[in-house]
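Numbering (my numbering), first residue to last: -6 to 125.
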């Protein structure tokens, strides 16, 4: 599925972070990643309940991925533009050349390496969450 985005230019990066009700502390480097490409399509990459990495491709105008984060239970999910945050800074405008899944010792997908022109971006799970 990620192969469909190979050859497309990255347009923007959004990141979700959990904002707990009982604290001001938010871990901005932990949480799902949403990548937008120049043809209007996007890919949502997140950790699943079974501690594997999942991604889902969305067509232009489809924001259905947001619905799963629309709840309030001891906190809430917040979406922000992460285009200028590490490790994403400098990637906008670059072509996606390859997307390579990373596997654990029992052959489950626990990460993905995205090859953007002259730079690789690794999105790996740590304790079930994408951590950068």
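Backbone N, C-alpha and C fix where the C-beta goes; we use that ideal spot for every residue, glycine too. None of the values given here were measured: they were computed from a predicted structure.
- Could you say if the stretch 66 to 80 and the stretch 3 to 23 meet the contact criterion of at least three C-beta pairs nearer than 8 angstroms? Short answer: they touch.
- Message: Considering only the alpha carbon of each residue, which of 83, 40, 49 and 96 lies closest to residue 2?
- Response: By 1-based counting over the chain shown, the position of residue 2 is 9. Minimum Cα distance to residue 2 is reached at 83.
- DSSP-derived helix/strand/coil call for residue 73: Within the chain shown, the letter at position 80 stands for residue 73. It is a strand residue.
- Task: Give the single residue among 113, 119, 99 and 68 whose Cα lies nearest to the Cα of residue 16.
- Result: Translated into positions along the chain shown, residue 16 becomes position 23. The option with the nearest alpha carbon to residue 16 is 68.
- Query: Would residue 94 be called buried (16 or more neighbouring beta carbons within 10 Å of its own) or exposed?
  - Reply: Against the chain shown, residue 94 aligns to sequence position 101. It is exposed - the Cβ of residue 94 has fewer than 16 other Cβ atoms within 10 Å.
- Task: Tell me, to the nearest whole angstrom, how far the beta carbon of residue 90 is from that of residue -1; I am working on the premise that it is less than 8 angstroms.
- Result: Your numbering for residue 90 matches position 97 in the chain shown. Your numbering for residue -1 matches position 6 in the chain shown. Sure, about 7 angstroms apart at Cβ, within 8 angstroms.
- Query: Ordered along the chain, which non-local residues of its own chain (more than five positions away) have a Cβ less than 7 angstroms from that of residue 104?
  - Reply: As a first step, residue 104 must be located in the chain shown, where it is residue number 111. In its chain, beyond the 5 residues on either side, 46, 95, 115, 116, 117 and 118 have a beta carbon closer than 7 angstroms to the beta carbon of residue 104.
- Message: Output needed for residue 13: all residues of its chain with C-beta closer than 7 angstroms, excluding positions within five of it in sequence on either side, in chain order.
- Response: Counting from one through the chain shown, the residue named residue 13 turns up at place 20. So the list reads 67 and 68, once near-sequence residues are dropped.
- Would DSSP call residue 57 helix, strand or coil? Stepping through the chain shown from its first residue, residue 57 is reached at position 64. Helix.
- Looking at C-alpha atoms only, which residue of 19, 24 and 28 is the closest neighbour of residue 126? The requested residue 126 does not occur in the structure, where the chain is confined to residues -6 to 125.
- Identity of the residues DSSP links to residue 105 by a beta bridge: Position 112 of the chain shown, counting from 1, holds the residue named residue 105. BP columns for residue 105 point to 94 and 116.
- Query: From this set, 81, 41, 42 and 102, which residue's C-alpha is nearest residue 22's C-alpha?
  - Reply: The residue labelled residue 22 in the question sits at position 29 within the chain shown. Here the closest residue by C-alpha is 81.
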